[in-house]
Structures are given as structure tokens and as C-alpha cells.
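For reference, the structure discussed in these notes is given below.
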Amino acid sequence: MDYLRVPIEIFNNLGVIWTFILLLIRYTAFFMFIPGIGMGFRGVIIRFSAILVFAIATTVGIDKAVVPSSLAQMALAGFSEFILGAVVGIVPQLIIAGVQTAGSVAGATMGLGAAQLIDPTLGVSVPTLSRILGDIVVLIFLLMGGHYLLIYAVSGIGSEIVPGTFILGADGVEALIEQAGLIFNIAIMVSAPIVVAILLTQFVMGLLTKAVPTLNIFIVSFPLTIGLGLFLAAVSVPEVVVYIQKQLSSIEGVLVAILSAR
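Each residue of the sequence shown is one higher than the one before, counting from 80 in this note's numbering.
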């Protein structure tokens with residue numbers, strides 16, 4: 080009977096099955112962190128479908144993994160795949176986090192600290208300006224084709240990474256730490272014009288208070304600082320877009336440094 084050959088076929092293709100399982104782990108970690116994929120019920124359906132499709136497609140196109148001889152080795156191989164997928168997905172998120180930090184700092188300086196929006200990607204409340212700037216960066220990332228670059232990198236086709244063998248070496252950790260440090264650099268570069276302008280405005284308001292004691296500074300300063308901050312945020316969008324494009328263009332070099340440092 081044909082069904083009696085099923086165990087034999089499974090045994091003969093253990094390498095393919097094990098490779099598919101490892102790729103499922105890799106893509107699951109990847110789609111947990113990659114920006115631009117919706118959350119909620121529909122987002123889960125999209126992610127789950129994408130994980131299956133990419134795992135099947137990659138299994139066909141790469142070298143098959145060797146089935147470990149012990150459960151400990153299997154666990155290490157699965158953990159290795161999870162680290163690979165998570166690292167590739169986190170790299171662009173660090174740039175987005177830098178811009179969101181800039182929005183939080185600028186919004187707090189403007190007096191919008193109490194204005195919050197629910198971020199569906201994180202499930203928490205974030206400042207309004209931070210959410211807007213973060214969405215702009217995600218759109219730029221997708222329009223630049225960044226998701227194609229990440230999918231190609233995580234598939235391991237270009238780097239010839241056999242499933243279960245990835246090791247995040249010292250050079251890779253250093254590259255990842257340097258990329259994480261850019262959060263503060265990006266936050267300062269994006270928020271500096273708004274913060275400096277607001278501080279100068281508040282300084283002038285303080286001088287006016289001394290010159291005209293009867294002036295109700297609170298009635299004047301609140302709408303002025305918020306309006307000026309929003310105006311500067313809108314005016315600086317083109318320059319911010321150019322700066323973010325430059326930062327996103329460096330993702331490929333970071334991924335090469337991480338994936339090749341073994």
C-alpha cells in the first residue's frame with residue numbers, strides 16, 4: 080500500500096522537514112519586528128500567511144540543514160534562527176525609534192505631552208507627533224523598497240547561511256550596538272530645530288513678562304509655542320525625509336556587517 084511508504088518518505092526527507100521548521104522560526108521572529116505590517120486580526124493573518132509562503136519558498140532554494148542528533152542541538156539551532164530573524168527585523172526599527180524619540184521630545188517641548196494616540200504596532204499610547212513622524216518613516220521605508228531588502232537578507236540566499244548555523248559574532252554585535260546608538264543621534268538631528276525654536280520663543284516670552292508685567296504670558300505662550308512647533312515640523316518635513324532616506328540607505332551595509340560577521 081502507498082500509505083505504508085509515508086514513514087519511509089518522511090525519513091528520507093528529514094533534512095527538508097527540519098529546514099522548513101527552522102525557516103518557520105526565522106520568519107516568525109522576522110515578522111514580529113519588521114515595520115509596515117499591520118497588527119490586529121488582519122495583521123496576524125497577513126503575517127502567518129507570509130511566514131508559510133516564505134518558509135516554503137526558501138526551503139526549495141537553499142541548502143538543507145543537517146538534522147541534529149540531540150534535543151539540545153535542536154534547541155540551539157532554533158534559537159539561532161530566531162536571533163537571525165529578529166536581528167534583521169530590528170535594524171530598521173531602530174531608525175524608526177530614533178524618529179519617534181524626536182517626536183516625543185519635540186512634542187513635550189511644544190506642550191503636546193498630554194496628547195496621546197494609540198500605536199497599534201506597540202499597543203501603547205504614544206505622543207501624537209511621535210506617531211505621525213513614525214508613520215512617515217515607515218512609508219519612506221516601504222517606498223524605498225526596504226522590505227524587499229530585509230526579505231532577501233533574512234532568506235539567507237545571498238549570504239549562503241545554512242539554517243541553524245547562524246552565529247551573531249562580536250563584529251555583528253558591535254554593528255548592532257552602533258546602529259542602536261543612532262537612535263539618539265537621529266532624535267537630536269530631527270528634533271533640534273523645533274526644540275531650539277521653542278526655547279528661543281519661551282526666552283522671548285520671559286523677557287516680555289519682565290517688560291510688560293500685566294501681560295498674561297500663559298494665554299499667549301501656549302498657542303504660540305504649539306502653533307510655532309507644528310509649523311516648524313511641517314516646514315522641516317522635506318529635510319527630514321532626505322535625512323531619513325540617507326539613514327535607511329545604510330541598512331544594507333549594517334545587514335552585511337551583521338550577517339557576514341560569524
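Even for Gly, the Cβ is constructed at its ideal location relative to N, Cα and C.
Opening and closing residue of the alpha helix (DSSP H) in which residue i lies
| i | result |
| --- | --- |
| Ala144 | That residue, Ala144, is in no alpha helix (DSSP H); it is neither H nor E in DSSP. |
| Asn264 | Ala249 to Ala290 |
| Met223 | Met223 -> no alpha helix (DSSP H), and no H or E assigned at all. |
| Phe158 | Leu150 to Met189 |
| Ser328 | Val316 to Ser328 |
Candidates the options: closest to residue i by CA position
| i | options | result |
| --- | --- | --- |
| Ala276 | Gly306, Tyr231, Ile100 and Val146 | Gly306 |
| Thr304 | Ala266, Ala154, Met268 and Leu278 | Leu278 |
| Ser270 | Val283, Glu331 and Thr188 | Thr188 |
| Gly248 | Ser339, Phe158 and Ile113 | Ser339 |
| Phe110 | Lys143, Met153 and Val233 | Val233 |
| Leu229 | Leu191, Ile273, Leu163 and Val241 | Leu163 |
| Ala181 | Gly332, Val319 and Ser328 | Val319 |
| Thr138 | Gly190, Ile240 and Met223 | Ile240 |
| Ile159 | Gln324, Pro242 and Glu257 | Here the sequence assigns Ser to residue 159, which means Ile is not the residue at that position. It is Pro242. |
| Ile169 | Ile211, Phe112 and Met223 | Phe112 |
| Leu212 | Ser315, Ser328 and Ile130 | Ser315 |
| Leu208 | Glu331, Val333, Phe310 and Tyr231 | Phe310 |
| Gln324 | Leu150, Gly332, Val252 and Ile219 | Ile219 |
| Ile330 | Glu257, Phe301, Asn295 and Ile141 | Glu257 |
| Phe301 | Gly190, Ala129 and Arg126 | Gly190 |
| Trp97 | Tyr231, Leu222 and Leu150 | Leu150 |
Same chain, Cβ closer than 8 Å to residue i, neighbours up to 5 away in sequence not counted
| i | result |
| --- | --- |
| Phe161 | Ile104, Arg105, Thr107 and Ala108 |
| Phe99 | Ala134, Ile135 and Thr138 |
| Met268 | Ala181 and Tyr322 |
Neighbourhood of residue i by C-beta distance below 6 Å, restricted to the same chain and skipping five residues each side
| i | result |
| --- | --- |
| Phe90 | Annotation note: pLDDT 49 at Phe90 (below 50); position unreliable, no value reported. |
Test item: CB-CB of residue i and residue j under 9 Å
| i | j | result |
| --- | --- | --- |
| His226 | Gly115 | yes |
| Val178 | Ala266 | yes |
| Leu261 | Gln172 | no |
| Leu102 | Phe133 | yes |
| Val216 | Ile174 | yes |
| Ala185 | Ile273 | yes |
Chain-order list of residues whose beta-carbon lies under 7 Å from that of residue i (same chain, five-residue window excluded)
| i | result |
| --- | --- |
| Leu255 | Val166 and Ile337 |
| Val95 | Thr138 and Lys143 |
Proximity test, Cβ basis, 9 Å: residue i and chain C
| i | result |
| --- | --- |
| Val252 | In the displayed structure, chain C is absent; only one protein chain is listed. |
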